[in-house]
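According to the numbering used here, the stretch in the sequence shown is residues 394 to 576, in order.
For reference, the structure discussed in these notes is given below.
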Amino acid sequence: MADFFDRLQDDHIAFIHRQPMFFVATAAADGRINLSPKGRDTFRVIDPAIGGYLDLTGSGNETAAHLKRDGRITFMFNSFDKKPLILRLYGRGRVAAKGSAEFEAHADKFPETPGARQIILIDIQSVQTSCGFAVPEMQLVSERDILTKWSLAKGEEGLRDYWAERNAKSIDGFETGMAPEGQ
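Structural data, given as structure tokens:
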């Protein structure tokens, strides 16, 4: 049975902090729906009505493109340990671009991570919990360090070039807000 809340409760926040991964989903009125797994220590609860994650460089930038076009966003956290639970955050999202005042206002809440390109924030409109009885019990073996090594090898200039080449438009051709100045 699902339960709904207007904002995060203390037990929800504790649950979120224990999860080693989460999922983010976005969509625009047209084009593909995006659902992305996220890991590492990247999600933070800013307050009971605002959350966000440090978005790391990826092969695409669908979340930013969808938020720019539509704004709807859903996060899902689920337990893989003995006690099952699924927690979803529904709301409106926005992108705090690296170097922006909003990025700088929140950057100290996250570990310094090579390849960080922006912070994705959610203004929470609804929180839902559900049973998660069908989610398997699993164990985290380890975090992957591949993206960190790749980002360090690219360096800051190489990352900016990659963002301009690979992250400025979504796979459906939507602008992400990461286009180089003048384009």
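Cβ coordinates follow ideal geometry from the N, Cα and C atoms, glycine included.
Between K562 and R437, what straight-line distance do the alpha-carbon atoms span, to the nearest angstrom? Position 169 of the sequence shown, counted from the start, is the residue given in the question as residue 562. Position 44 of the sequence shown, counted from the start, is the residue given in the question as residue 437. Distance between the alpha carbons of K562 and R437 is about 26 Å.
Coarse secondary structure for G551, derived from DSSP in three states: Here the question's residue 551 lines up with position 158 in the sequence shown. Helix at G551.
Answer with buried or exposed for L545, where buried requires no fewer than 16 other C-beta atoms within 10 angstroms of its C-beta. Counting from 1 along the sequence shown, the entry for residue 545 is found at position 152. L545 should be labelled exposed.
Restricting to Cα atoms, I'd like to know which of R510, V534, D516 and D463 is closest to R559. Residue 559 sits at position 166 when you count from the first residue of the sequence shown. When each option's Cα is compared against that of R559, the closest is R510.
Counted within 10 angstroms of its Cβ, other Cβ atoms place D538 as buried (16 or more) or exposed: For the purposes of this step, residue 538 is taken as residue 145 along the sequence shown, with counting starting at 1. With fewer than 16 Cβ atoms within 10 Å of its Cβ, D538 is classed as exposed.
Hey, does L401 have any beta-carbon neighbour from chain B nearer than 7 Å? Among the protein chains of the structure shown there is no chain B, as only one such chain exists.
What are the boundary residues of the beta strand (DSSP E) that L449 is part of? The count along the sequence shown starts at 1 and reaches residue 449 at position 56. Where L449 is concerned, the enclosing beta strand (DSSP E) stretches over I443 to L449.
Buried or exposed (CB count within 10 angstroms, at least 16 for buried), L460: On the sequence shown, position 67 is the one that residue 460 refers to. Per the 10 Å Cβ criterion, buried.
With contact counted as at least three CB pairs below 8 Å, one residue from each stretch, are the stretch 452-471 and the stretch 500-508 in contact? no
Of the residues T435, G525, G551 and Y555, which one's Cα is nearest the Cα of I479? Numbered from its first residue, the sequence shown carries residue 479 at position 86. When each option's Cα is compared against that of I479, the closest is G525.
Taking C-beta to C-beta, are G464 and R481 nearer than 7 Å? Translated into positions along the sequence shown, residue 464 becomes position 71. Translated into positions along the sequence shown, residue 481 becomes position 88. Cβ distance not < 7 Å, so G464 and R481 don't count as in contact.
Express the C-alpha separation of W543 and H410 in angstroms, rounding to a whole number. The sequence position of residue 410 within the sequence shown is 17, counting from 1. The sequence position of residue 543 within the sequence shown is 150, counting from 1. Each residue's Cα considered, the two are about 26 Å apart.
Who pairs with T522 in a beta bridge, going by DSSP? For the purposes of this step, residue 522 is taken as residue 129 along the sequence shown, with counting starting at 1. Partner(s): D396 and L480.
Proximal residues to L428 (C-beta, below 7 Å), its chain only, five neighbours per side dropped: Position 35 of the sequence shown holds residue 428. Hits under 7 Å: F416 and A418.
DSSP has E505 in a bridge; who is on the other side? Here residue 505 is taken as the residue at index 112 of the sequence shown, counted from 1. For E505, which the question treats as bridged, DSSP gives no partner whatsoever.
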